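These notes concern the structure reproduced below.
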Amino acid sequence: ALWRGRPPAAELAQVVESQFGVSGFSFAEALAADVLPGGVKAFKAGLEGLRRTAPDKRSAALEACARSADVSPLGTLVYLARHSVEHDWQAEADGSAGETSVDQLFREAGMELDEFITEKQQRVLQLSLFSKIRFPTPDLLFRRPVLLSGTPGPIRWVDVKNTVVVPGCTMTGRAEKNQAQARKYVDLLGPGALLWVRGYPQSLPTCDHVSYLQLEAHRVGRSRRLTP
1 ALWRGRPPAA
11 ELAQVVESQF
21 GVSGFSFAEA
31 LAADVLPGGV
41 KAFKAGLEGL
51 RRTAPDKRSA
61 ALEACARSAD
71 VSPLGTLVYL
81 ARHSVEHDWQ
91 AEADGSAGET
101 SVDQLFREAG
111 MELDEFITEK
121 QQRVLQLSLF
131 SKIRFPTPDL
141 LFRRPVLLSG
151 TPGPIRWVDV
161 KNTVVVPGCT
171 MTGRAEKNQA
181 QARKYVDLLG
191 PGALLWVRGY
201 PQSLPTCDHV
211 SYLQLEAHRV
221 GRSRRLTP
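Counting in full-length UniProt numbering, the sequence shown runs from 1 upward without gaps.
Given below as structure tokens:
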């Protein structure tokens with residue numbers, strides 16, 4: 001009934017988030033099958049178009065998204081779900097910062113630069129060999145297995161998570177995406193670890209052969225260490 005009344009997209013967004021208590025993405029995804037000829041697939045394709053915007057053009061893309069919010073049903077749904085894209089952009093930026101810090105952390109712990117390969121280096125190597133990215137690229141890939149405090153055995157990779165995932169609160173799709181990504185790393189590379197920069201709840205589901213670590217910071221001497 002709310003959709004049939006078609007209030008302006010900005011008003012609809014306020015109602016969905018404040019009165020219904022659901023995210024704009026969840027609301028838009030639920031409606032897509034009924035209001036778009038291409039259904040959920042068309043909705044996700046439209047949202048992906050926004051998500052792939054280059055960093056220096058994202059502000060303009062969000063403004064264009066707002067201007068076209070009332071032009072078509074697809075424009076309305078993408079506008080309602082735009083915050084999920086902004087969240088992904090922020091996670092991308094945080095992840096890059098986290099990768100830099102964990103790179104520094106391992107070097108401070110005594111590892112040499114030639115003992116691990118960063119995600120950027122992995123991508124460059126794959127592009128030079130295959131002309132495309134063919135395999136998953138964790139934030140750090142160790143040339144030889146290493147044993148860290150908090151891991152039951154040697155690991156081959158570390159992936160940084162700079163977001164907080166809380167079972168029952170975080171969107172199910174996002175939590176499942178983290179699990180699926182970790183399983184891909186294990187299948188290809190063997191045991192590894194997820195480094196939760198902001199910590200993680202003990203109730204978070206685990207994956208076989210994947211250790212969960214968190215970064216513990218100390219003011220004294222500005223030292224940092226990994227903890228399980």
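C-beta: ideal position from N, C-alpha, C; glycine also. Every value quoted in this text rests on a predicted model; they were computed, and no experiment measured them.
Open item on the list: I'd like to know whether the C-beta atoms of PHE192 and ILE155 end up nearer to each other than 8 Å.
Closed with: Against the sequence shown, residue 192 aligns to sequence position 192. Against the sequence shown, residue 155 aligns to sequence position 155. Before going further, note that residue 192 is Gly rather than Phe in the sequence given. Taking 8 Å as the Cβ cut-off, GLY192 and ILE155 qualify as a contacting pair.
TODO: Using a Cβ cut-off of 8 Å (strictly closer), state whether THR151 contacts chain C.
DONE: Judged by its chain identifiers, the structure shown contains no chain C, having just a single protein chain.
- [ ] Any chance you could list the alpha helix (DSSP H) runs of at least 4 consecutive residues sitting entirely within the segment 47-102, in chain order?
- [x] If we require 4 residues or more, the alpha helix (DSSP H) runs fully inside the segment 47-102 come out as 58-67, 73-80.
TODO: Inspect the beta-carbon positions of VAL146 and LEU195 and report whether they are closer than 8 Å.
DONE: For the purposes of this step, residue 146 is taken as the residue at position 146 of the sequence shown. For the purposes of this step, residue 195 is taken as the residue at position 195 of the sequence shown. In this structure, the beta-carbon distance from VAL146 to LEU195 does not fall below 8 Å.
Open item on the list: Rounding to the nearest angstrom, what Cα-Cα distance links VAL16 and PRO7 in this structure?
Closed with: Position 16 of the sequence shown holds residue 16. Position 7 of the sequence shown holds residue 7. Straight-line spacing of the CA atoms in VAL16 and PRO7 works out to 12 Å.
Task: C-beta contact flag for ALA30 and TYR79 at 8 Å - done: Position 30 of the sequence shown holds residue 30. Position 79 of the sequence shown holds residue 79. Going by C-beta atoms, ALA30 is not nearer than 8 Å to TYR79.
Open item on the list: Tell me the DSSP secondary structure of ARG183 in three-state form.
Closed with: Within the sequence shown, numbered from 1, the residue matching residue 183 stands at position 183. Here ARG183 sits in helix by DSSP.
TODO: For ALA109, count neighbouring C-beta atoms within 10 Å of its own C-beta (all shown protein chains included) and say buried if the count is 16 or more, exposed if not.
DONE: Within the sequence shown, the letter at position 109 stands for residue 109. Result: exposed.
TODO: Determine the direct distance from the alpha carbon of TYR212 to that of PHE116, and round the result to whole angstroms.
DONE: Residue numbering aside, residue 116 sits at position 116 when the sequence shown is read from its first letter. Residue numbering aside, residue 212 sits at position 212 when the sequence shown is read from its first letter. Answer to the nearest angstrom: the Cα atoms are 19 Å apart.
- [ ] Quick one: measure Cβ to Cβ for PHE25 and SER72, integer angstroms, because I've assumed they're closer than 8 Å.
- [x] The residue given as residue 25 occupies position 25 in the sequence shown. The residue given as residue 72 occupies position 72 in the sequence shown. That belief does not hold up - the Cβ atoms of PHE25 and SER72 are roughly 18 Å apart, past 8 Å.
Task: Residue environment, ALA81, which counts as buried when at least 16 other CB atoms sit within 10 Å - done: Against the sequence shown, residue 81 aligns to sequence position 81. For ALA81, the number of other beta carbons within 10 angstroms of its own is at least 16, and it is reported as buried.
- [ ] List the residues that DSSP assigns as beta-bridge partners of ASP159.
- [x] What you label residue 159 is simply residue 159 of the sequence shown in a count that begins at 1. The partner list for ASP159 (beta bridge, DSSP) reads LEU194.
Task: SER149 in three-state terms, based on DSSP - done: By 1-based counting over the sequence shown, the position of residue 149 is 149. Under the three-state reduction of DSSP output, SER149 falls in the coil class, being neither helix nor strand.
TODO: Indicate the three-state DSSP secondary structure (helix, strand or coil) for PHE142 in the structure shown.
DONE: For this step, residue 142 is matched to residue 142 along the sequence shown. Strand.
TODO: Pull up the distance between the alpha-carbon of PRO205 and that of GLU176, whole angstroms please.
DONE: Numbered from its first residue, the sequence shown carries residue 205 at position 205. Numbered from its first residue, the sequence shown carries residue 176 at position 176. Distance between the alpha carbons of PRO205 and GLU176: 10 Å.
Open item on the list: Could you give the first and the last residue of the continuous alpha helix (DSSP H) run that contains PHE25?
Closed with: On the sequence shown, residue 25 is found 25 positions in, with the first residue counted as 1. Looking at the DSSP string, the run of the alpha helix (DSSP H) that includes PHE25 is 24-35.
Task: Bridge-paired residues (DSSP) for PHE135 - done: Within the sequence shown, the letter at position 135 stands for residue 135. BP columns for PHE135 are empty, so no partner.
Open item on the list: Less than 8 Å between the beta carbons of GLY103 and LEU140, yes or no?
Closed with: Reading the sequence shown from its first residue, position 103 is the one you call residue 103. Reading the sequence shown from its first residue, position 140 is the one you call residue 140. Before going on, a small fix: residue 103 reads as Asp here, not Gly. Yes, these two residues count as a Cβ contact at 8 Å.
Task: Straight-line gap, GLY153 to LYS120 (C-alpha atoms, nearest Å) - done: Residue 153 sits at position 153 when you count from the first residue of the sequence shown. Residue 120 sits at position 120 when you count from the first residue of the sequence shown. Cα-Cα distance, rounded: 26 Å.
- [ ] Reducing DSSP to helix, strand and coil, say where PRO8 ends up.
- [x] Translated into the one-based positions of the sequence shown, residue 8 becomes position 8. Here PRO8 sits in coil by DSSP.
Open item on the list: On the DSSP bridge list, what partners appear for THR118?
Closed with: Start at 1 with the first residue of the sequence shown, and residue 118 comes out as number 118. In the DSSP assignment, THR118 forms a beta bridge with LEU140.
TODO: Give a yes or no on whether the C-beta atoms belonging to ALA33 and GLY39 are separated by under 8 Å.
DONE: Indexing the sequence shown from 1 puts residue 33 at position 33. Indexing the sequence shown from 1 puts residue 39 at position 39. Taking 8 Å as the cut-off, the Cβ atoms of ALA33 and GLY39 count as close.
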